[in-house]
Amino acid sequence: MCFCLCLCIAPAVAANEAVVRTILPAAADDGLVYEVTLECPGISVGGIVETIPEDFVLVGTTHPAGQVRVSGRDVAFAVIDESRIVYTAKSGPDASGTFTGVWEDILSGSGGSIAPTGVAGGTIVPVEAQDPSDQAHAKAEPPRAPGFPAAAAVFALGCGCLASMKRGGA
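So the sequence shown is numbered by this note's numbering: it starts at -16 and just counts up by one.
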């Protein structure tokens, strides 16, 4: 009885845990490098799609290569029992923008947005401090790949199935 109760409560607890992003900027020879850490302790099998700012380039990740897909500025990570994902983005010295993202836990059916993180010239800035009415500095949003978040979720589910088959010896 207690075991059944734990199984009912665990997904609810996991669903309440959000993904948290931290960014550490560092100077590089030809610009700035940002180490981005995503803490995702509550996702057993799911996915995270990060959107890096325009004029930023993904240069690497510690996540397994088979669990990462890139489409334009969107970077999808399949999450299979990981609690942390680290990736690195690079920009020019004066670049600014906002890192955004969404996450989904396929097993619990929960998901949501990751709080946006603004950066400007190597400094982390509150997103509220960026004036959206300043049209002189506003950049047009590039076209997004249709269905990319859904495809990333299916990709994560497939990776989860393969991982469980390998663990089961099949």
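Virtual Cβ for every residue (Gly too), placed ideally from N, Cα, C.
For clarity, every value in this text was computed on a predicted model and none was experimentally measured.
- Taking C-beta atoms as the reference points, residue 2 and residue 18 fail to come closer than 8 Å.
- In this structure, the straight-line span from the alpha carbon of residue 34 to that of residue 56 is close to 5 Å.
- Taking every protein chain shown into account, the CB of residue 64 has fewer than 16 other CB atoms within 10 angstroms, so this residue is exposed.
- Secondary-structure assignment with DSSP links residue 33 through a beta bridge to 58 and 84.
- The closest CA to that of residue 50, considering only 42, 62, 43 and 39, is found on 62.
- Of the candidates 109, 69, 105 and 110, 105 places its Cα closest to the Cα of residue 13.
- In the three-state reduction of the DSSP assignment, residue 65 falls in the coil class.
- Setting aside the 5 residues that flank it on each side, residue 79 is surrounded in the same chain by 102, 103 and 104, each with a C-beta closer than 7 Å to its C-beta; the list follows chain order.
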